[in-house]
Amino acid sequence: MMSIEPVDSAPSEVRKTSDAGMKENQSDKRGVFIKGPPVPSLWLFGKAQSGKSSIVRFLTGADQAIIGNGFRPETKATYRYTFPNETHPVLRFFDTRGLGEEEYDPSEDIEVLQRQANAIVVTVRINDFALGSLLGPLRQIRAARRSRPVILALTCLHHTYPQKQHPEHDPFLESELPESIPEELRRCIQEQKRTFGDLIDRIVPIDLTRPEDGFLEPNFGGGRLKDALIDALPNVLGEAIKHTDETVQQLREDFERRAHRCIHAYSAWAAGAAAVPLPWMDIPAVTGLQLRLMAKLAKVYDQSPVPATLISSAPIFGTRFLLRQGAKSLLKGVPFVGIPVNAATAYVTTFGLGRAAMWYYWERFLGRIPTSEEFSHIVKNQVESARTHWSRNSHSSSPSVRESVE
Ligand SMILES: Nc1nc2c(ncn2[C@@H]2O[C@H](COP(=O)(O)OP(=O)(O)O)[C@@H](O)[C@H]2O)c(=O)[nH]1
Ligand SMILES: [Mg+2]
0 MMSIEPVDSA
10 PSEVRKTSDA
20 GMKENQSDKR
30 GVFIKGPPVP
40 SLWLFGKAQS
50 GKSSIVRFLT
60 GADQAIIGNG
70 FRPETKATYR
80 YTFPNETHPV
90 LRFFDTRGLG
100 EEEYDPSEDI
110 EVLQRQANAI
120 VVTVRINDFA
130 LGSLLGPLRQ
140 IRAARRSRPV
150 ILALTCLHHT
160 YPQKQHPEHD
170 PFLESELPES
180 IPEELRRCIQ
190 EQKRTFGDLI
200 DRIVPIDLTR
210 PEDGFLEPNF
220 GGGRLKDALI
230 DALPNVLGEA
240 IKHTDETVQQ
250 LREDFERRAH
260 RCIHAYSAWA
270 AGAAAVPLPW
280 MDIPAVTGLQ
290 LRLMAKLAKV
300 YDQSPVPATL
310 ISSAPIFGTR
320 FLLRQGAKSL
330 LKGVPFVGIP
340 VNAATAYVTT
350 FGLGRAAMWY
360 YWERFLGRIP
370 TSEEFSHIVK
380 NQVESARTHW
390 SRNSHSSSPS
400 VRESVE
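Counting from 0, one number per residue, gives the positions in the sequence shown under numbering that gives the first Met the number 0.
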């Protein structure tokens, strides 16, 4: 755990009264702060369909469905999503969905998000000028904490130049209002700038499209938006945003390192349990070890264990498979021949299952619930590659192993 001072410059009385949602930098009951890594929290403020979720998608790389399901009510009008999840927060978003509906009263949000939200990203479609529902509340929010950066993201740029690609070289890298942009786009930017006046600190024109929209650059301006956030936020938070991908990758690698230690150990034990003269004796032992491994890996990833239905639908798990292998060995008439086969089978299936469980738990960690078909598919692939690996490393038993996991 990094040890970093509580983030941002909220006055101390605000810090003390700050409420739910500050899990990692949260105060305990006595108001003492527990230090944790800084988690930049962005308040996305815009009408429905103005591009809030698209910004979350761009900044996190998470897919639309996960983001959609990830938002939970924080206040009456505002939802919160923590990426990749609440227990390992890296980035946090607040989405004021109630905006645009009649009578949005920002006072509850102002109070609850006063300290939690480090910056506000106002999202407005470039040519949407029906902004009455947004400007009033924004004025109040801005007044409540003037020092908090507010970035206006003007989205859907190409609506001002329909059926055309974005310029190959991003002109907004050079200037806020480049000479070269289409006249209509220029007019809209100027108009929005006038409309928002000092309610915002800067404007970032973007066009975050889906691949099927057919743009050569689907994340036009995304990098500039990220840079603007890095720039606007206090140092530690800016750094945190900058390194989002690396942080998540690091988490993943830490889990994998720990998971692999378990997988290696359990696979070796399973092979040991299988290496007794009567092949069918060891089946419950191997199965038991495999179940224990999966429970152990669940702990590593802090997830609930792979559901029994998924496990039993996996192509190699359980007594049926192992029994078949045992029977094959017995049929050969010489029990000892069965021993290496069984040991290999036990090793390979345990290893493959463990690797598949790793995949499963990581998906869950990111907020996705894999289907049993997906799980079975991964199990099959992982057992295949474990088998190949075993065969390569153990010449004497390779033919039997091949046979045993078919
Ligand atoms: N062309 C374009 N489409 C966008 C942009 N941002 C969002 N959209 C599209 O507009 C729709 C609503 O976007 P979404 O991000 O879900 O808006 P939200 O309701 O504010 O979260 C989706 O179909 C998006 O693909 C943008 O910058 N350019
Ligand atoms: Mg949305």
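Even glycine gets a Cβ: it sits at the ideal position worked out from N, Cα and C. Just so it is clear, the structure is predicted and the values come from calculations on it, not from any experiment.
Residue i lies in the alpha helix (DSSP H); which residues open and close that run?
{"i": "P204", "result": "Taken as a continuous stretch (DSSP letters only), P204 belongs to no alpha helix (DSSP H), being part of the beta strand (DSSP E) at 201 to 204."}
{"i": "L130", "result": "Per DSSP, L130 belongs to no alpha helix (DSSP H) and is neither H nor E."}
{"i": "V111", "result": "106 to 112"}
{"i": "Q302", "result": "Looking at the DSSP string, Q302 is not in any alpha helix (DSSP H), and its letter there is neither H nor E."}
{"i": "A64", "result": "63 to 69"}
If you run the structure through DSSP and keep just helix, strand and coil, what is residue i?
{"i": "S390", "result": "helix"}
{"i": "A118", "result": "strand"}
{"i": "D27", "result": "Only weak support exists for where D27 lies, its pLDDT of 41 falling under 50; the coordinates are left without a value."}
{"i": "S49", "result": "coil"}
{"i": "L232", "result": "coil"}
{"i": "F219", "result": "strand"}
{"i": "T77", "result": "strand"}
{"i": "R124", "result": "strand"}
{"i": "R256", "result": "helix"}
{"i": "R367", "result": "coil"}
{"i": "F44", "result": "strand"}
{"i": "F82", "result": "strand"}
{"i": "P72", "result": "strand"}
Which residues mark the beginning and the end of the beta strand (DSSP E) in which residue i is found?
{"i": "V89", "result": "88 to 95"}
{"i": "Y360", "result": "Not the beta strand (DSSP E): Y360 falls in the alpha helix (DSSP H), residues 334 to 364."}
Would you tell me roughly how many angstroms separate the C-alpha atoms of residue i and residue j, rounded to the nearest one?
{"i": "F195", "j": "V123", "result": "11 angstroms"}
{"i": "Q406", "j": "R363", "result": "Beyond the ends of the chain as shown, which are 0 and 405, falls residue 406; an answer cannot be given."}
{"i": "V149", "j": "R201", "result": "7 angstroms"}
{"i": "E190", "j": "R209", "result": "27 angstroms"}
{"i": "N341", "j": "A258", "result": "24 angstroms"}
{"i": "N392", "j": "D244", "result": "35 angstroms"}
{"i": "A284", "j": "H376", "result": "25 angstroms"}
{"i": "A116", "j": "P304", "result": "34 angstroms"}
{"i": "G366", "j": "E178", "result": "44 angstroms"}
{"i": "S132", "j": "R223", "result": "27 angstroms"}
{"i": "I229", "j": "I54", "result": "15 angstroms"}
{"i": "L176", "j": "E211", "result": "29 angstroms"}
{"i": "P105", "j": "L236", "result": "25 angstroms"}
{"i": "C428", "j": "L134", "result": "Given that the chain is displayed from residue 0 to residue 405, the structure contains no residue 428 and the question cannot be resolved."}
{"i": "T344", "j": "L290", "result": "16 angstroms"}
{"i": "S174", "j": "R185", "result": "12 angstroms"}
{"i": "L288", "j": "R354", "result": "14 angstroms"}
{"i": "L172", "j": "P37", "result": "29 angstroms"}
{"i": "L292", "j": "E383", "result": "19 angstroms"}
{"i": "R147", "j": "I119", "result": "7 angstroms"}
{"i": "F374", "j": "I125", "result": "43 angstroms"}
{"i": "R144", "j": "R138", "result": "10 angstroms"}
{"i": "T59", "j": "R260", "result": "29 angstroms"}
{"i": "R56", "j": "A64", "result": "10 angstroms"}
Ignoring anything shorter than 3 residues, give me the beta strand (DSSP E) runs that lie fully in the stretch 139 to 181, in order along the chain.
149 to 154
Is there contact here, the stretch 95 to 109 with the stretch 38 to 56, by at least three beta-carbon pairs under 8 angstroms?
yes
Segment contact, 8 angstroms Cβ cut-off, at least three pairs: the stretch 218 to 228 with the stretch 160 to 175:
yes
Any contact between the stretch 253 to 268 and the stretch 344 to 351? By contact I mean 3 or more CB pairs, one from each, below 8 angstroms.
yes
Within 8 angstroms, do at least three Cβ pairs link the stretch 81 to 97 to the stretch 239 to 253?
Yes, the stretch 239 to 253 is in contact with the stretch 81 to 97.
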